[in-house]
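Beneath this line is the structure, given in structure tokens, with notes to follow.
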Amino acid sequence: MSSKYNSLLESLRSQNPLERNRTSSMLADLLKDLQPNEVRDVLIQIKSIERQSLEMQAQICRALGNLVPLVGGRDYISKVLDTIEFYLETDDDNIREKCIASIDQLVKSSNTEEIEKIFIPFFIKLSKDAFYGKRSASALIICLASKYLTEQESNSLFPILETLVSDQSIEVRRDLAKAMYDAFNSHKFIVEKLILILSKLINDQTVIVQKNIAPALTCLTHEKYNDFVDDAINIIVANKKFENVISILSNIENLYITKETQQYLYSFIFTDEHPLVRAESAKHLKFIAKSNVLSKEKLDESIKLLAKDSDPQVLFELAKSIPNLIENHKEACEFALSILTESTDTRISNQAYEAIAETGVGIEIAINRISQIGNSHWRTMISMCCVIGLMSKTLDVDSFNEKLLQYLYILFESKVWGVRSQAVDTVKDIMQVYGTDWFFTKIYDYVIEKFSKGNYLDRQLSVLVACSSPDYSKVSGFLKQITSDPTSNVRLMLAKECPKQFTEILDILSHDSDQDVSYYANQRKN
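What follows is the structure, encoded as structure tokens:
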């Protein structure tokens with residue numbers, strides 16, 4: 001055996017877990033440097049390696065899918081499958097997923113004879129194994145890999161699925177339900193036969209199985225299956241188990257669903273006791289509104305109800321949906337925005353302000369909130385900086401100057417540097433909307449006049465604003481003065497923030513007596 005073979009096994013058996021994990025993560029590439037007989041031997045040896053972490057096992061399983069193009073031949077494929085089967089003796093979902101993905105790659109890379117002589121017997125063997133995990137894997141693999149099989153090969157495996165649908169293990173039936181989506185999408189099985197299996201899964205009466213059926217139902221788009229799909233939805237949500245309801249709601253935009261069934265769903269999802277159901281309903285408000293199943297008044301009521309919800313995810317999803325509801329539900333959306341913008345969860349309030357900026361609806365709400373920043377906590381002031389920037393997207397320049405410019409000036413005067421620097425960043429964003437004339441007449445002139453002669457923090461603010469200028473000629477005089485500022489921190493700010501194209505300023509600072517200033521100036525130049 002070669003030195004590379006010995007080195008690989010030594011690393012896999014290392015006492016250092018980091019070394020073992022690192023080696024297993026690169027296993028596919030490392031095996032490329034070995035001879036075919038060495039690869040085969042590694043597959044045998046690897047199963048006996050002790051102290052394999054779950055991460056290491058998952059990495060090994062992931063690598064196994066790349067071996068067939070590397071080594072080829074039935075004997076090697078069988079060795080790879082033996083190794084995969086060894087790792088399927090686990091309850092770890094991640095390892096099992098890696099094994100299944102590798103088998104999928106192996107089938108894709110194999111020819112018809114190899115599939116017939118090696119893979120199909122392997123699938124049958126797994127489906128009859130005493131360990132539920134292997135039976136479960138067989139369902140997932142057969143449905144996933146069927147896209148590479150002929151119709152005859154796929155349908156020869158169909159009896160396995162018919163057996164697994166009645167398996168005593170809930171986990172096997174659950175994974176078969178998950179696999180049905182791939183089975184329908186492979187277009188290799190006879191659809192009517194798959195529907196018979198799906199019918200049994202729909203009537204399984206266990207949540208863990210039923211909640212995984214909805215994706216498969218989205219594949220049944222032909223009108224002749226409409227009644228079947230609608231009946232299935234009614235069965236799945238009949239007990240109002242939150243997992244089942246969420247599974248239908250999360251796929252609702254791709255499902256055939258009658259008006260009557262929608263009316264039943266919408267009668268309880270907005271008030272369901274489980275917050276995840278309410279959040280999912282808020283997420284799909286656009287679809288619900290377009291379906292015209294609910295009256296305008298009823299949907300307005302539902303929007304307002306969701307706005308009063310105590311769950312943050314519900315509120316966040318509602319805030320995301322509002323731009324799609326404004327046109328026909330303006331009053332309800334304004335009500336919701338008045339609540340959402342007050343949220344202490346910045347994820348929610350920021351999303352609400354983005355909705356205002358996108359639609360222009362609720363602008364007075366935003367302006368009112370901004371007007372209160374004078375007495376706000378510094379974190380709130382930073383948040384309001386971003387809101388002011390957002391509002392520039394919906395207000396014309398005159399309206400902005402009239403209603404919001406004064407609050408930017410207030411932020412410039414904050415005693416917290418983080419607020420000031422955020423205000424300057426906001427100015428840069430607004431300048432992209434209103435242009436450089438606005439920047440010089442409303443910001444630069446104001447800041448230089450008010451702050452350039454103040455304390456060192458005021459002068460640093462002036463530096464930040466001047467360095468935001470796209471036109472060096474208009475700020476060069478002030479910046480040249482700063483190069484001789486008596487406070488090194490002010491000059492340092494200039495060295496760090498000075499645009500590279502302001503070469504004259506950087507040349508001066510590169511010879512500064514303060515080493516930090518000269519260092520950063522030279523860094524900027526280079």
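Per the UniProt record's numbering, the sequence shown starts with residue 1, numbered consecutively.
Here a beta-carbon is modelled for each residue, glycine too, at the ideal position from N, C-alpha and C.
The structure displayed is predicted, hence computed values, not measured ones.
So for residue i, helix, strand or coil by DSSP?
i	result
residue 242	helix
residue 180	helix
residue 94	helix
residue 17	helix
residue 165	coil
residue 527	No information on residue 527 is available, as it lies outside the stretch 1 to 526 that the chain covers here.
residue 45	helix
residue 190	coil
residue 52	coil
residue 357	helix
residue 490	helix
residue 220	coil
residue 523	helix
residue 251	helix
residue 1	coil
residue 393	coil
residue 213	coil
residue 472	helix
residue 256	coil
residue 293	coil
residue 287	helix
residue 368	helix
residue 386	helix
residue 431	helix
residue 416	coil
residue 362	coil
residue 477	helix
Would residue i be called buried (16 or more neighbouring beta carbons within 10 Å of its own) or exposed?
i	result
residue 283	buried
residue 178	buried
residue 438	buried
residue 391	buried
residue 183	buried
residue 26	exposed
residue 269	buried
residue 445	exposed
residue 135	buried
residue 310	exposed
residue 18	exposed
residue 442	buried
residue 211	buried
Pop quiz: residue i and residue j are said to be a contact at Cβ under 8 Å. What is the actual Cβ separation, rounded to whole angstroms?
i	j	result
residue 46	residue 83	7 Å
residue 172	residue 139	7 Å
residue 251	residue 207	Going by Cβ atoms, the distance from residue 251 to residue 207 rounds to 16 Å, so no, they are not a contact pair.
residue 328	residue 355	With a Cβ gap of about 15 Å, residue 328 and residue 355 do not count as contacting.
residue 216	residue 180	4 Å
residue 102	residue 133	Not a contact, Cβ separation roughly 15 Å.
residue 157	residue 123	6 Å
residue 314	residue 278	5 Å
residue 74	residue 117	7 Å
residue 495	residue 520	4 Å
residue 409	residue 370	With a Cβ gap of about 12 Å, residue 409 and residue 370 do not count as contacting.
residue 306	residue 318	5 Å
residue 44	residue 87	Contact flag wrong, Cβ pair sits at about 14 Å.
residue 255	residue 218	6 Å
For the ligand SAM, I want to know if residue i counts as a neighbour, meaning its beta carbon is within less than 7 Å of at least one of the ligand's heavy atoms.
i	result
residue 344	No copy of the ligand SAM appears in this structure; indeed no ligand is present at all.
Would you call the CB atoms of residue i and residue j closer than 8 Å?
i	j	result
residue 146	residue 188	yes
residue 2	residue 34	yes
residue 104	residue 144	yes
residue 50	residue 5	no
residue 488	residue 463	no
residue 273	residue 246	no
residue 120	residue 97	no
residue 197	residue 230	no
residue 498	residue 505	yes
residue 95	residue 130	no
residue 325	residue 285	yes
residue 56	residue 13	no
residue 99	residue 63	no
residue 304	residue 336	yes
residue 404	residue 348	no
residue 353	residue 397	no
Are the region 417 to 429 and the region 374 to 388 touching, with three or more C-beta to C-beta distances below 8 Å? Taking 8 Å as the limit for Cβ pairs, the verdict is that the region 374 to 388 does touch the region 417 to 429.
With three or more C-beta pairs closer than 8 Å as the rule, is the region 427 to 437 touching the region 450 to 462? No, the region 450 to 462 does not touch the region 427 to 437.
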